[in-house]
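Just below is one structure, and these are the notes that go with it.
4 protein chains.
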Amino acid sequence: MARPLSPEKRLALLLAATQAVAEQGVLASTASIARRAEVAEGTLFTYFESKDVLFQELYLHLKQSLADRVMPSYPHAADYRQRMRHVFDQYVVWGLNNADGRVALARLSASGVVRDATREQATEPFLAFSRMMQDAINDGVLLNAPIAFLTSIMERVAETTIEYADKHPQDAERTQQLAFPLLWRAISG
Amino acid sequence: MARPLSPEKRLALLLAATQAVAEQGVLASTASIARRAEVAEGTLFTYFESKDVLFQELYLHLKQSLADRVMPSYPHAADYRQRMRHVFDQYVVWGLNNADGRVALARLSASGVVRDATREQATEPFLAFSRMMQDAINDGVLLNAPIAFLTSIMERVAETTIEYADKHPQDAERTQQLAFPLLWRAISG
Amino acid sequence: MARPLSPEKRLALLLAATQAVAEQGVLASTASIARRAEVAEGTLFTYFESKDVLFQELYLHLKQSLADRVMPSYPHAADYRQRMRHVFDQYVVWGLNNADGRVALARLSASGVVRDATREQATEPFLAFSRMMQDAINDGVLLNAPIAFLTSIMERVAETTIEYADKHPQDAERTQQLAFPLLWRAISG
Amino acid sequence: MARPLSPEKRLALLLAATQAVAEQGVLASTASIARRAEVAEGTLFTYFESKDVLFQELYLHLKQSLADRVMPSYPHAADYRQRMRHVFDQYVVWGLNNADGRVALARLSASGVVRDATREQATEPFLAFSRMMQDAINDGVLLNAPIAFLTSIMERVAETTIEYADKHPQDAERTQQLAFPLLWRAISG
DNA sequence: GATGAATGAGCTTTCATTCAT
DNA sequence: CATGAATGAAAGCTCATTCAT
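Keeping their order, the protein sequence lines are chains D, R, P and Y. Here my numbering is used: the first residue of the first sequence is 1, the next is one more, and so on. Here my numbering is used: the first residue of the second sequence is 190, the next is one more, and so on. Here my numbering is used: the first residue of the third sequence is 379, the next is one more, and so on. Here my numbering is used: the first residue of the fourth sequence is 568, the next is one more, and so on.
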């Protein structure tokens, strides 16, 4: 994949795609994405080989955006509960601050266009977190359950929290304070 | 009345739509659905006014199918934990026995085509369960949290369980036995 | 063509077709015509072999309806001018009293669906009038021009009068009084 | 600008539409029009937003084509009769030289697809002629009748002349010589 | 490299007509 | 005979992608 001339245009296309997918799902047309990015229809295809490729890269981009919120401040030295809490809280913060990104990610994920290889690749930035999960299971701090299952539970609880807080802003605070203890009771050993 | 609308054909169309949506999401063409149902393209539209209407009715049909598994055997007289366990377990059983239905429901739900009124309507068959949740909160058996939030958590844990069991059959048994206690720890007061 | 069981249904269909064609032209669907006639979709086809046949018969029916207004009271013994005036005036009266019929006839006529044989057949009820035109030309009372041309002029002036009176009701009276003298000056020898 | 919209292609589409509408009326398919214009089906829609828009523009195009025949040579300084004769004669010439255009215009006009605003807009190129009509009425040269009525009469007589000359070529000359005096007797004061 | 006109396959939907009831 | 469900061939229109400019 050649280095495209303008990273700005690439980003503008990914941002436009995020909004378009958040609003219209994967039926959003490449033309509408290009228009939103203020770029010609054909230009989209010099940055992304096809619509499918655009969507794989959009998925990676959104997951990376989440990782960028969660991982740089990851407290490698804190205890398991605090590390988990950090990840959970930052996930929720990211979701509340990136409504389009979160919805786009959910739609993309449920649409069936994201390939397994892409999903795999998207886990990389979260490696430190995965390792922590495995250690916590080994140390008996977390439930002796498949790591993928526990991770999935964490993600789903976070998503539910974000969605609920988004839909019922007056309960947002209370729900956020409830959410992590709820998760921790669920998955701690 | 010449030839009455055939409930079998209607069902065949809903089943075909379930499979098609499970495989291809909402981009599944009406032509492919009709073909799968072994019915002419036009016939689909004598049973469902439009693709949109088909999808609303498919959503209701799938939710009803879930309710039919969960509610008839609902133990109205059992204690809260047992009633909750019943619903959760039956949900999981339904999901494992209806892979297409579950995936179709998830894709439909995330695609944005399901209208709020349809979602609302789909909750009706679960009324006894909703009432139980409210009572359990009032009695302090469940966490003092918004009922919609707790319900959502339950659904997400059930879905995660199904998905995980589906993808890793060798861990299925163990995961299922883990899942309800995990949920109950999470949401009980 | 077998005598259909119910002349009422046949008439109801022709009336419904008149309204439908007046409103939507020849694109009016057979289903909409049947619905308007309060008859099943298939019934239309027991009275008229096809949509095309329905339109041919509708054309004849409307022309006959015009003839029924014009010819029974035709003053065979009056002078040329009076006979012509009678036909012209009754034409206009029919048009003003049968807005749907007039518009349907015009749309049908301009649509290209009416076959020449049908047009030919529709002139029959007006034979006495045609003969009078020919006699008047021979006697030098009318312009020495092809009879079809003069007839066409008469029809177009009548139609223009009707349309104008319909669209500008406040000028209707004045226009009607203007119209026949205008026509007579045009075509008298 | 990549490849500019091609006026030739636009014209080819309008010409193709003219022929198609002349032959088949407004039921002519966009596919058949595109094929006739030797252009892809989708291309039609880059030049005309929809079939409806194509028809509005086709109406304007045909009226403009008529105006282009009639108006550039309009004898502004001649007397009323001569100016009227000019318009009438040129109208007939245009009709005889543009069989498809004339028929298409008539079918379009009678089909009900042409909107009032479009009709209104189409009168613009004939403004000088309209003003002359009004002046002639004021000066008592034309009948004291609504201008729209007189204009309509003129058009109808012209159309009848064209149609008759077209259908009976051997009478064409004679009919054309008859036609204007006939019109002038009809509408002069 | 950027542009957007051109392409044609594919989409949802309509509709004249048939025929089982 | 009346009914209206069933049919499948169009119809109008959209859209990912290509490529001349």
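Here a beta-carbon is modelled for each residue, glycine too, at the ideal position from N, C-alpha and C.
Just checking: is the beta-carbon of GLU212(R) within a distance shorter than 9 Å of some beta-carbon in chain D?
If you number the second sequence from 1, residue 212(R) lands on position 23. Yes, GLU212(R) lies at the interface with chain D (some Cβ there is under 9 Å from its Cβ).
Under 8 Å Cβ-Cβ, which residues of chain P neighbour ILE754(Y)?
The count along the fourth sequence starts at 1 and reaches residue 754(Y) at position 187. Result: LEU560.
Quick one, which residues of the segment 249 to 261 of chain R are near chain D if we go by CB-CB under 8 Å, in chain order?
none
How big is the Cα-Cα spacing for ASN522(P) and PRO571(Y)?
Here residue 522(P) corresponds to residue number 144 of the third sequence, with the count starting at 1. Here residue 571(Y) corresponds to residue number 4 of the fourth sequence, with the count starting at 1. In a straight line, the C-alpha of ASN522(P) is about 57 Å away from that of PRO571(Y).
Could you check whether the Cβ of GLU541(P) sits closer than 9 Å to any Cβ belonging to chain Y?
Numbered from 1 along the third sequence, position 163 holds the residue referred to as residue 541(P). By this cut-off, GLU541(P) is an interface position.
Less than 8 Å between the CB atoms is what I'm expecting for ALA375(R) and ARG185(D), so what's the real figure, rounded?
Taking the first residue of the second sequence as 1, we reach residue 375(R) at position 186. Taking the first residue of the first sequence as 1, we reach residue 185(D) at position 185. About 6 Å separates the two Cβ atoms, so the contact holds.
Rounded to a whole number of angstroms, what is the C-alpha to C-alpha distance between ILE342(R) and LEU11(D)?
The sequence position of residue 342(R) within the second sequence is 153, counting from 1. The sequence position of residue 11(D) within the first sequence is 11, counting from 1. Roughly 35 Å between the two C-alpha positions.
Member of ALA28(D), ALA179(D), SER109(D) whose CA lies at the smallest distance from the CA of LYS51(D):
Here the question's residue 51(D) lines up with position 51 in the first sequence. Here the closest residue by C-alpha is ALA28(D).
Roughly how many whole angstroms lie between the Cα atoms of LEU294(R) and ARG131(D)?
Mapped onto the second sequence, residue 294(R) falls at position 105. Mapped onto the first sequence, residue 131(D) falls at position 131. Distance between the alpha carbons of LEU294(R) and ARG131(D) is about 33 Å.
What does the Cβ neighbour count give for LYS545(P), buried or exposed, with the cut at 16 atoms within 10 Å?
Along the third sequence, read from residue 1 onward, the residue named residue 545(P) stands at position 167. By the neighbour-count definition (other C-beta atoms within 10 Å, threshold 16), LYS545(P) is an exposed residue.
Going along the segment 597 to 611 of chain Y in order, which residues come within less than 8 Å of chain P, judged by CB to CB distance?
none
Contact criterion: CB-CB distance below 9 Å. Does GLU386(P) meet it with respect to chain Y?
Along the third sequence, read from residue 1 onward, the residue named residue 386(P) stands at position 8. So, not an interface residue.
Flag this pair as yes or no: are the beta carbons of PHE507(P) and VAL481(P) separated by less than 9 Å?
As a working mapping, residue 507(P) is identified with position 129 in the third sequence. As a working mapping, residue 481(P) is identified with position 103 in the third sequence. Not in contact: PHE507(P) and VAL481(P) (Cβ atoms no closer than 9 Å).
List the residues of chain P that VAL724(Y) touches, going by C-beta distances under 9 Å, in chain order.
In the fourth sequence, residue 724(Y) corresponds to position 157, counting from 1. Neighbours of VAL724(Y) on chain P, chain order: ILE531, ARG534, VAL535, ALA564.
Are there 16 or more other CB atoms within 10 angstroms of the CB of SER678(Y), so buried, or fewer, so exposed?
In the fourth sequence, counting from the first residue as 1, residue 678(Y) sits at position 111. Answer is buried; the Cβ neighbour count reaches 16.
Is there a Cβ of chain P sitting closer than 9 Å to that of LEU710(Y), yes or no?
Translated into the one-based positions of the fourth sequence, residue 710(Y) becomes position 143. Taking Cβ atoms only, chain P reaches closer than 9 Å to LEU710(Y), which makes this a yes.
Inspect the beta-carbon positions of ALA598(Y) and GLU590(Y) and report whether they are closer than 9 Å.
Sequence index remark: in the fourth sequence, residue 598(Y) carries index 31 (1-based). Sequence index remark: in the fourth sequence, residue 590(Y) carries index 23 (1-based). No, the pair does not count as a contact, with Cβ atoms beyond the cut-off.
From LEU142(D) to SER298(R), what does the alpha carbon distance come to, in whole angstroms?
In the first sequence, the residue the question calls residue 142(D) occupies position 142. In the second sequence, the residue the question calls residue 298(R) occupies position 109. In a straight line, the C-alpha of LEU142(D) is about 32 Å away from that of SER298(R).
Examine chain P for any beta-carbon lying closer than 9 Å to the beta-carbon of ASP678(Y), and answer yes or no.
For the purposes of this step, residue 678(Y) is taken as residue 111 along the fourth sequence, with counting starting at 1. The amino acid occupying residue 678(Y) in the given sequence is Ser; Asp does not appear at that position. So, interface residue.
Rounded to the nearest angstrom, what separates ASP738(Y) and MET462(P) at their Cα positions?
Taking the fourth sequence and counting its residues from 1, the one referred to as residue 738(Y) is at position 171. Taking the third sequence and counting its residues from 1, the one referred to as residue 462(P) is at position 84. If I take the Cα positions, the gap works out to 24 Å.
Got a sec, what are the start and stop residues for the alpha helix (DSSP H) GLU487(P) sits in?
By 1-based counting over the third sequence, the position of residue 487(P) is 109. The amino acid occupying residue 487(P) in the given sequence is Ser; Glu does not appear at that position. Note, SER487(P): alpha helix (DSSP H), 477 to 489.
What are the residues that DSSP puts in a beta bridge with LEU709(Y)?
Start at 1 with the first residue of the fourth sequence, and residue 709(Y) comes out as number 142. Note: LEU709(Y) sits in a beta bridge opposite SER755(Y).
Would you kindly check if the distance between the Cβ of ARG69(D) and the Cβ of TYR47(D) is under 9 Å?
Reading the first sequence from its first residue, position 47 is the one you call residue 47(D). Reading the first sequence from its first residue, position 69 is the one you call residue 69(D). In this structure, ARG69(D) does not lie closer than 9 Å to TYR47(D) by Cβ.
Can you give me the start and stop residues for the alpha helix (DSSP H) that ASP683(Y) sits inside?
As a working mapping, residue 683(Y) is identified with position 116 in the fourth sequence. Here the alpha helix (DSSP H) through ASP683(Y) covers 683 to 689.
Of all Cβ atoms in chain P, is any one closer than 9 Å to the Cβ of PRO565(Y)?
Because chain Y in this structure spans residues 568 to 756, residue 565(Y) falls outside the shown range and cannot be described.
Using only the alpha-carbon positions, how far apart do GLN253(R) and THR175(D) sit?
Counted from its first residue, the second sequence places residue 253(R) at position 64. Counted from its first residue, the first sequence places residue 175(D) at position 175. In a straight line, the C-alpha of GLN253(R) is about 30 Å away from that of THR175(D).
Beta carbon of LEU178(D), beta carbon of PHE338(R): below 9 Å?
To locate residue 178(D), count along the first sequence from 1; it is residue 178. To locate residue 338(R), count along the second sequence from 1; it is residue 149. The answer is yes: Cβ separation under 9 Å.
Hey, out of LYS198(R), ALA256(R), PHE234(R), whose CA is closest to PRO314(R)'s CA?
Within the second sequence, the letter at position 125 stands for residue 314(R). Minimum Cα distance to PRO314(R) is reached at ALA256(R).
When we look at the beta-carbon of GLN649(Y) and count the other beta-carbons within 10 Å, is it buried (16 or more) or exposed?
Taking the first residue of the fourth sequence as position 1, residue 649(Y) is located at position 82. GLN649(Y) should be labelled exposed.
Suppose the cutoff is 8 Å on Cβ atoms and the five residues either side in sequence are ignored; what does the same chain contact list for GLN512(P) look like?
Stepping through the third sequence from its first residue, residue 512(P) is reached at position 134. Excluding positions up to five away in sequence, the list reads ILE525.
So what does DSSP say about PHE237(R), is it helix, strand or coil?
The sequence position of residue 237(R) within the second sequence is 48, counting from 1. Three-state DSSP puts PHE237(R) in coil, outside helix and strand.
Below 8 Å on the Cβ atoms is my guess for PHE180(D) versus ASP89(D); work out the distance and round it to an integer in Å.
Working through the first sequence from its first residue, we reach residue 180(D) at position 180. Working through the first sequence from its first residue, we reach residue 89(D) at position 89. Yes, PHE180(D) and ASP89(D) are in contact; Cβ-Cβ is about 7 Å, under 8 Å.
If contact means a Cβ-Cβ distance below 7 Å, which residues of the segment 100 to 132 of chain D contact chain R?
ALA106, ARG107, ALA110, SER111, GLY112
Answer with buried or exposed for GLY189(D), where buried requires no fewer than 16 other C-beta atoms within 10 angstroms of its C-beta.
Against the first sequence, residue 189(D) aligns to sequence position 189. Exposed, since its Cβ has fewer than 16 Cβ neighbours within 10 Å.
Is it buried or exposed for LEU585(Y), if we count other Cβ within 10 angstroms and need 16 for buried?
Stepping through the fourth sequence from its first residue, residue 585(Y) is reached at position 18. Sequence inspection shows Thr at residue 585(Y); the Leu mentioned does not correspond to that position. Buried.
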